[in-house]
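Chain order of the listed sequences is B and D. Every position in the first sequence, counted from 1, becomes a number in the working numbering once 1428 is added. Every position in the second sequence, counted from 1, becomes a number in the working numbering once 89 is added.
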Amino acid sequence: MNEITEKSIRELIEGIKNKSFSVREVVLAFYNVLKKQETELKSFIHYLEQDLIEKNLQELEKKATRGDKILFGIPFSLKDSYCTAGIATTAGSKVLEGYKPQYNATVYQKLLDNGALLFGKNSQDAWGHGSTSENTDFKIARNPWNLEKVVGGSSGGCAAAIASRMVAFAIGEDTGGSIRNPASYCNITGLKVTYGRVSRYGTIAYGSSLDTVGPMAKSVEDIAQILSVIAGYDPFDATSSPEDVPDYTGNLKKGIKNITLGVPKEFFQSGTDKEVVKTVRDAILVFENLGAKVIEVSIPSIDIGVAAYYLLAPSETSSNLARYDGIRYGQARDKFTLETMRRILIGTYALSAGYYDAYYKKSLKARTIIKKDYQNAFEKCDLLIAPVNPTPAPKIGEMASDPIALMLSDIYTLTQNIAGIPALALPCGFTSGGLPIGMQLMGDMFKEENILQAGFAYQELTDWHKRKPNL
Amino acid sequence: MIEENFQPIIGLEIHVELKTASKMFCGCYADWFGKDPNTNCCPVCLGLPGALPVPNSKAVEWCVMLGIALNCQVPEFSKFDRKNYFYPDLPKGYQISQYDKPFAINGYLVIPRERSESRNPSQMRVSISKLKQVERSLDFARDDKGKVIRIRRVHLEEDTGKLLHATVDGRKCTLIDFNRSGVPLVEIVTEPDIRSSEEARIFLKKLHQIIRYLGISDADMEKGSMRLEPNISVMKRLKDSKTQRLKKDLPQYKVEVKNINSFNFAKKAIDFEIERHITLLKSDEIPTQETRGWDEKKAVTYSQRSKEEAHDYRYFPEPDIPPVRWTGNQILNIKNQIAELPDKKKERFMQVYGLSDYDANILVETKEVAEYYEETVNQGLRTKNQKVTPKIIANWIINKKIDISNVSPEELIKTIAAKTQVAQVDQKELAIIVKKVIIANEKAVTDFKAGKKASLMFLVGQVMRELKGKGDANVIRKLIEKEIQ
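Structure follows, in structure tokens:
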């Protein structure tokens, strides 16, 4: 029965269809892992108790035909920044302790409509502020590969839950790397979609022009399945795109012959761990063997990425968090913790009279420059490849005390959110110490299809993504 | 010797609630007035976590429509911005509004001159130069009957909730009702071109009329669907009695007045403020720059808060709403939706129906009456009854207080026709009666022959008495004259 939790989503659906096993067996296989591992891993802020799971399972079993529901009966979890009606939602902060939303986030509703089964809400950095999930007001999630290391962030709990096989997939949220960073630290696959590809309605906002809703799972194939369910225009989100949703699963096996892969030289700066660099360069060789043409490109403005991001995001968050005044719902504002207060203050300052031009407006200009750099690069190549994190997972507590170091560690993931382009994080090796290393494939706006094809081809040839931690 | 002379400088800020079906950024009903508290809300207008605003396209169209009706330019690019501040009735902690790229800018409204205002040549010049500034061909008659009030901007934003002070379980508290939160508001800001409370009142009436004509709002000040904040300063004009030139001492302050619930109170509040400012200025004091509230019971304004500590709203572009880029066609489509506005309608009524300025003015006061009038005229034309003329119909509607909601145009036509109907009189019968009357009134006949014209009319009257009111007076008169000769 352990084998069930190793299967891809497609295999699970097929197995249920041809009665190799039932929906019940699938759900319980994953839930048993949760019961066994969760106390130690602390990847959930709140998970559904067995009796509720049983009740929901019975509802599912009553539904006679699945039709073409490609996630029917598949257990999943959500980062705790997604509104789930009647189920506690905190965004990792005590300010929302006790809060139960009145409505479902669109992404959650789509998954429910498809018959997927929610196990719980995952641990995260409060409000998305952070890249290690240590900035949580609840328990700090552990990296299943090494319990003393951080799980990454801010969608850390999601990554841990998938890596430890508690769920088949999760929906994280990526504003500056928050899906890719933990995916990389935990050896799973995670997709930052094009801005506007997936509806943000019901997502507790961090940086409205940067936030993306994305799938996290064991493989690119799984990612494609989930994306085909959650992508698309939503009339409740004015920034969601009416761009057609291609057949992500159908076209997955197209391969990457004649694709040009760009290697942006600024993403291999000094300060990047040597093993990380070597592992990613090995991955580039794999792509060459698969038929890709590899060229060097440049994204010069990556250097202003950190500064631009840490003006844009805090500015938007200083406004987005204003609604948490404790009057209509939630706790009082004094429950905001340090990192959040830091970002609110920075943002307020950057928007204030006399400083707006020097800071916020400048960051908007930087945004245009960064976007142009990516556009220029994509004129020369189809995809870009780079590391996700400059280092493997640090120890818990190691970076929390150094906010600047923490900010700098996002350097390879921030600019994609600023530019709005999609990026797929996938495992590409391990350090000598056994810690996962991840790489990312980036494409131009709405080119998820190409990225997934490349990622799939890589995962056909390699098995990094199949490794699981010893728990 | 220096003469002091005070000139009020007044600008108006008007908020109008649009009567769209839904609120500005969500699907809740915009028709909030009178509903039980907090029964007309959703995650969006309550500012719940994760909710997102989606603009109401009808509200946007109507805002642009109003801008066009007020002769504004509609820039190609426009966006929403966040206005950040804390207040319990503002659920998101910011209001979605427009800051530097509003939907409409640089318009104007021509208001009829105050009758009491003298045709001061310098004022006439100012008026024409403003018209020239506007660089558009103007449709109204350039007979200088009007004064131009420039409109700086027309933009769109959302309304807040409402605070109610109450006592609950013996404790004083404030309750918040979010039914009104998110209702679309159009804000109209004028340049400080207004020079008196009467001008302000006339401007407001005209604006109100246009808004009602467009059908975009009830603009009812008592229900709060039209709100008004005048900004008032008084300028000292020192006239050098030697050179007769006016030196302007521009006001160093302005006072905003809130809580005005009718056009008449607006006039009173403005007059009160002007007086208050002049008194202060006369004693060499400058009125404090602040926000004041109008107390309608005491008929005074009172200080609310210092406008000097202006909020820093930290405006920035609303990231949840993509900006608007108009095509020429879209603007044209909106423009074409604008039905005939009052000024044009009045001119047309005067031209086509031969009505006087005064009568036409009354008939176009509301769209309902104007349409009723025209419908009646059209029906009248169809009956081919020459007695049911546009002028006569106008007369009836204006003077006889017709209840247009109860009397249909057809019924009105019938009523008018009946009253003015000249009953046909048998010619033979008429001839006999004329002879009879002449014989019976020898003296009158003699008087008329002697040159007393009134006697003829007396005889006509006698004939008509015999006919019991029937008959055409002119025809009778001619007959009598003929008979007498």
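Quick reminder that beta carbons are idealized off the backbone N, C-alpha and C, glycines included.
Using a Cβ-Cβ cut-off of 7 Å, Y1788 of chain B is close to F405 of chain D, given in chain order. Following the DSSP letters along the chain, one finds I1813 of chain B in no alpha helix (DSSP H) but inside the beta strand (DSSP E) bounded by residues 1811-1815.
Check the Cα spacing between W151 of chain D and each of D:Y188, D:S392, D:A110, D:Y174: the tightest is with D:A110.
Judged by their CB atoms, E1671 of chain B and F1874 of chain B are nearer to each other than the 7 Å cut-off. Taking a beta-carbon distance threshold of 7 Å, Y1531 of chain B counts as an interface residue toward chain D.
Here the region 1721-1739 of chain B lies against the region 1679-1695 of chain B, with 3 or more beta-carbon pairs under 8 Å apart.
Under the three-state reduction of DSSP, N145 of chain D is assigned to coil, being neither helix nor strand.
The C-beta distance from I375 of chain D to Q341 of chain D rounds to 6 Å, short enough to fall under 8 Å.
Excluding five sequence positions before and after K434 of chain D, the CB atoms of its chain that fall closer than 7 Å to its own CB belong to V453, A459, given in chain order. Here the alpha carbon of G1618 of chain B sits roughly 60 Å from the alpha carbon of I321 of chain D. Where R566 of chain D is concerned, the enclosing alpha helix (DSSP H) starts and stops at 562-573. The Cβ of C1511 of chain B sits closer than 7 Å to at least one Cβ of chain D. Residues of the same chain with a CB within less than 6 Å of the CB of E1703 of chain B, apart from the 5 flanking positions on each side, are T1859 in chain order. Of all residues in the region 1777-1803 of chain B, those with a C-beta nearer than 7 Å to a C-beta of chain D are L1779, S1780, A1781, Y1788, reading in chain order. At least one CB atom of chain D sits nearer than 7 Å to the CB of T1631 of chain B.
Between the alpha carbons of K236 of chain D and K261 of chain D lies a distance of about 50 Å.
Non-local C-beta neighbours of I527 of chain D in its own chain, meaning closer than 8 Å and more than five positions away in sequence, comprise V534, L548, I569, E572, I573, ordered along the chain. 7 Å or more divides the Cβ of I410 of chain D from the Cβ of V163 of chain D. If you ignore the 5 residues before and after L1842 of chain B, its C-beta comes within less than 7 Å of the C-beta of G1604, G1605, G1733, V1734, Y1737, all in its own chain and listed in chain order. In this structure, T1534 of chain B lies away from G1642 of chain B, with their beta-carbon atoms at least 7 Å apart. For S544 of chain D, the three-state secondary structure derived from DSSP is helix. Interface with chain B (7 Å Cβ-Cβ cutoff): L430 of chain D is excluded. For C130 of chain D, the closest alpha carbon among the candidates D:L545, D:S285, D:K251 is that of D:K251.
Membership of A1853 of chain B in any alpha helix (DSSP H) is not indicated; the residue belongs instead to the beta strand (DSSP E) covering 1851-1858. As DSSP reads the structure, W485 of chain D sits in no beta bridge. When the five nearest sequence neighbours on each side are left out, the beta carbons in the same chain lying within less than 8 Å of the beta carbon of L1638 of chain B are those of T1603, G1604, Y1623, Y1737, L1740, A1741, E1744, N1845, I1846, in order along the chain.
Look at D1665 of chain B: its C-beta is under 7 Å from a C-beta on chain D. D170 of chain D sits away from Y462 of chain D, with the two beta carbons spaced by 7 Å or more.
In the assembly as shown, P412 of chain D is an exposed residue. Its beta-carbon has fewer than 16 other beta-carbons within 10 Å. At least 7 Å separates the beta-carbon of G1866 of chain B from that of P1850 of chain B. Just so you know, the alpha carbons of I1832 of chain B and S1612 of chain B end up roughly 21 Å apart. In the three-state DSSP reduction, E1576 of chain B falls in the coil class, being neither helix nor strand. Counting C-beta atoms within 10 angstroms of its own C-beta, Q1552 of chain B has 16 or more neighbours from the protein chains shown and is therefore classed as buried. Sorting D:E246, D:F175, D:A520 by C-alpha distance to the C-alpha of V143 of chain D places D:E246 at the top. Residues are counted here when their Cβ sits less than 8 Å from a Cβ of chain B; for the region 166-199 of chain D these are R171, N173, F175, P177, P180, K181, G182, Y183, given in chain order. The C-alpha of V1461 of chain B is placed about 18 Å away from the C-alpha of G1584 of chain B.
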